[in-house]
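The sequence shown begins at 320 in my numbering and counts up by one.
Remarks on the structure that follows.
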Amino acid sequence: MRFLEDHHVQAQNLFEALPCGAALIDDHGVIGDLNQHLADIAGYPRGDLVGLDVRVLMPPRQRDAHFAQWMDCVDQWRTAEESLGEDLNILQRDGHEIPAEFAFSRLTLDDRPWIVMEVRDKKVAHAVPGAVPSTGGHAHHSQTELAASLADSERRFRLAFEGSMAPMVFSDRDGRFLAVNGAFCRMSGRSKDELMGSDSKHFTYPDDIGISEAAYDLIQSGQVDEYRYGKRFLHKNGRIVVAEVSICAARDQDGEAAYFVSSVRDVTEERALAAQLSFQALHDPLTGLANRALFDDRLVQARSRAVRDEHLGAVLLLDLDDFKGVNDSYGHLVGDQLLIEIAGRFRQVTRSTDTLSRFGGDEFLYLAEGLATRAEAELIAHRLLQTLEEPFTFDQVTLQQRASVGIVVWNDDSMNNVELVQNADAAMYEAKRQGHGHVTMFTPQIGHEAVSRFALVQELRQALTSGEVVMHYQPIVDIASSNVVGFEALMRWHHPTRGWIPPDVFIPLAEQSELILELGSFALKQALTAASTWEVTDAAAGVPCVTVNLSARQFHDPGLVTLLEVELERSGVQPERLILEVTESVALVDIAETMNIMEELNRLRIGIALDDFGTGYSSLSYLAALNPRIIKIDQSFVRPKHDKNRSDTLLEAIVTLGNKLNMTVLAEGIETSAQLDRLHHLDCELGQGFLWSPAVPVAEATEMLLTLLGD
Ligand code: C2E
Ligand code: CA
Ligand code: CA
């Protein structure tokens, strides 16, 4: 009966197969179910007893004693069997009393507590041999009436056993199978004949041999009544079956385990799925590296370990330099391939105690533990970077990829996960500022800068929508005629508390994120809207053009051409009047791609001005290929700080070169008439500078146009 103390399927089957009367009784004393034996003992049709108070089975004079014991069992939820004494009788339906032996135990079924009441008719109790199933050919047959009903219950039991979806076996003390059901045969891939009389060793996964035997020993020794364990079987076809086994014993009169009942659950697929799900939940699908969640978990553990062990820990944030360029130029497939290769190389130098994870995009996080010095963290960084020195080759493409690394080291638990990663990020930003392939260690100074930078970027986002960002326009003047031939659109941010923030400060910040694209399209829209109002003024000088600065991100943004088309259409500005200013470094990132973009812009009839000319490294052949409409000579040549003579020579060379290549030369930053005269003398066509005007709001620019025209 003890093996009923579980809500397994076999509980119900075995309940019926019990060689004694049994009932399930709820905590109010109401009979919920009973087996045929009990109905027979009590002389009731079975169904009549369901729903009745159990006390109908007790002679009135004994009810109180019965019930006291009963309540005792309910209150204490005793699990041990309780014999209630010999002088208790069963009151049969016809009024007869028969002496009986009672035992109570508890059982939870469907999350409800039940009392299992076992009743043995004392006159026949010892004639019952126990519910050994006859499936294996071990049935006892007796000539008594009871034997007939026992045979009947065995038959019912066999049906339930055979029909069960759960693989089940009965086995003897040595683990040999006495009975196996069809589900077990299917699970093991073996026939009943192959299994009967043998044990499970020959189809147990080698590492798991001994697990079942240990369970048998535990139960046989009486330490536990029921035991569950996991083990792996080998299906006849070689497949490993991961199983959960629940085993219990049927005990004989002396309490010895007579045989064992095991019910098995095949959890192979469940486990595989669970393993896959937990792997997926914790790993990056592309590279198979740990993901952010797993990294976070490891970092929490590492922090507490570092405090205990008095070691240093470090977080390294690795960011690939100009990775976006790879995606844009070679496509995402190559980009993904590159990330996988890089992950592989990093993994090779990852120490077993450390965790390497992909942080998303082109960023990797490396968690280092057990460091003695800060320098060790830098050493790890350089080892990681070294793996990138060898170029990557895919099909036709050979790529050189570099990365920048920010490091934060800790020796106490004063920074949480988020702060550590943020600080590594701030150090990485600093590393990028120093140029590609740098390693930078976080310092409090870097932290302060990051905080104010972060605050500024947040504010800039707001500023765009709240109208704090505006475009101003600086006139571009024809040096020979003094006519205004156009305006350069320059961005201005009027911060409510800090006043005017120069674009040199906020544009590089915005370039760190997609925000630059928003700023860029804002500039373009505003500039074209302004230019559309200039168009109506008719002048000998022609309709003024507008130049708009493009940052690298914008220039390489796949949405650029569409944006230009849409905005030209919307504003109605002739495309020839729009000129995009790009610096040499922007155009130099990827020459092949730049040429493609230039072709598109030519198609749209939009011009290019090469900004800050002379400060970059473009070769002459490149300049010719790029063929910009305008070259803007950098202010440093117009207003030289040192070595005036050399600058003068360069200025002259650039103007001559531009004129020879049929490009319009524009000199920036003209502040004095002396500078103007010299440029005029050199035959420089256009000029821009404070001599005429700084950048001014659109209304003033339009006004300027009218008054100049009025001259
Ligand atoms: P830039 O494109 O070289 O712009 C010329 C800068 O020189 C402007 O500074 C302008 O105000 C200044 N400048 C013009 N004439 C003179 C002069 O005679 N003397 C002196 N000392 N300076 C003069 P600003 O407006 O501060 O812009 C700085 C830089 O910010 C720009 O350099 C450009 O690279 C960037 N920028 C400005 N607006 C935008 C924009 O809308 N988009 C992008 N991507 N960048 C922008
Ligand atoms: Ca410019
Ligand atoms: Ca410039």
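Here a beta-carbon is modelled for each residue, glycine too, at the ideal position from N, C-alpha and C.
Computed from a predicted model, the values in this text were never measured in an experiment.
Contacts around residue i, its chain only, beta-carbon distance under 7 Å, and the 5 residues preceding and following it disregarded
| i | result |
| --- | --- |
| residue 894 | 887, 923, 924, 925 |
| residue 825 | 775, 779, 812 |
| residue 291 | This structure does not reach residue 291, given that the chain is present from 320 up to 1030, and the question cannot be answered. |
| residue 852 | 1021 |
| residue 372 | 348, 349 |
| residue 399 | Only weak support is given to the placement of residue 399: the predicted model assigns it a pLDDT of 41, under 50, and the question is left unresolved by the model. |
| residue 710 | 717, 718, 719 |
| residue 520 | 528 |
| residue 746 | 725, 726, 727, 759, 760, 761, 765 |
| residue 621 | 632, 686, 688 |
| residue 408 | 378, 381, 416, 417, 418, 419 |
| residue 595 | none |
Identity of the residues DSSP links to residue i by a beta bridge
| i | result |
| --- | --- |
| residue 1003 | DSSP output for residue 1003 lists no bridge partner at all. |
| residue 559 | 553 |
| residue 797 | 1005 |
| residue 576 | 570 |
| residue 352 | 343 |
| residue 951 | 985 |
| residue 1016 | 791 |
| residue 488 | 499, 581 |
| residue 508 | For residue 508, which the question treats as bridged, DSSP gives no partner whatsoever. |
| residue 440 | 419 |
| residue 813 | 819 |
| residue 565 | 547, 582 |
| residue 932 | 952 |
| residue 976 | Bridge partners of residue 976: none, in fact. |
| residue 805 | 795, 864 |
| residue 377 | Note: residue 377 sits in no beta bridge, so no partner. |
| residue 523 | 552 |
| residue 926 | 898 |
| residue 755 | None, per the DSSP bridge assignment. |
8 Å CB neighbourhood of residue i in its chain, flanking five on each side removed
| i | result |
| --- | --- |
| residue 691 | 630, 631 |
| residue 551 | 523, 524, 526, 527, 559, 560, 561, 562 |
| residue 619 | 736 |
| residue 265 | The shown model of the chain, from 320 to 1030, leaves out residue 265, and the question about it has no answer. |
| residue 823 | none |
| residue 538 | 544, 545, 546, 566, 567, 568, 576, 579 |
| residue 1023 | 794, 803, 1012, 1015 |
Same chain, Cβ closer than 6 Å to residue i, neighbours up to 5 away in sequence not counted
| i | result |
| --- | --- |
| residue 380 | none |
| residue 642 | 681 |
| residue 587 | 560, 561 |
| residue 730 | 631 |
| residue 574 | none |
| residue 739 | 634, 727 |
| residue 664 | 706 |
| residue 489 | 452, 497, 498, 578, 580 |
| residue 931 | 902, 953 |
| residue 412 | 362, 363 |
| residue 534 | 546, 548, 566 |
| residue 843 | 867, 886 |
| residue 874 | 901, 905 |
heavy atom of ligand 5 below 8 Å from residue i C-beta
| i | result |
| --- | --- |
| residue 956 | Because ligand 5 does not appear in the structure shown, any question about it cannot be addressed here, the ligands present being ligand 1, ligand 2 and ligand 3. |
Presumed contact (8 Å Cβ cut-off) between residue i and residue j, rounded CB distance
| i | j | result |
| --- | --- | --- |
| residue 995 | residue 1006 | 7 Å |
| residue 531 | residue 502 | In fact, because the Cβ distance is near 18 Å, the residues do not count as touching under 8 Å. |
| residue 901 | residue 952 | The Cβ separation is near 15 Å, so there is no contact. |
| residue 748 | residue 722 | Not quite, the Cβ-Cβ distance comes to about 14 Å (not below 8 Å), so this is no contact. |
| residue 762 | residue 677 | 27 Å between Cβ atoms; not a contact. |
| residue 865 | residue 897 | 6 Å |
| residue 949 | residue 982 | 7 Å |
| residue 703 | residue 668 | 6 Å |
| residue 870 | residue 830 | 6 Å |
- Query: Whose CB is closer than 6 Å to a heavy atom of ligand 2? List the residues in chain order.
  - Reply: 807, 868, 900, 930
- Item | Every unbroken alpha helix (DSSP H) inside the segment 684-749 [4 residues or more] | 693-705
- beta strand (DSSP E) segments (min. 3 residues) lying fully within the segment 615-687: 631-639, 674-679
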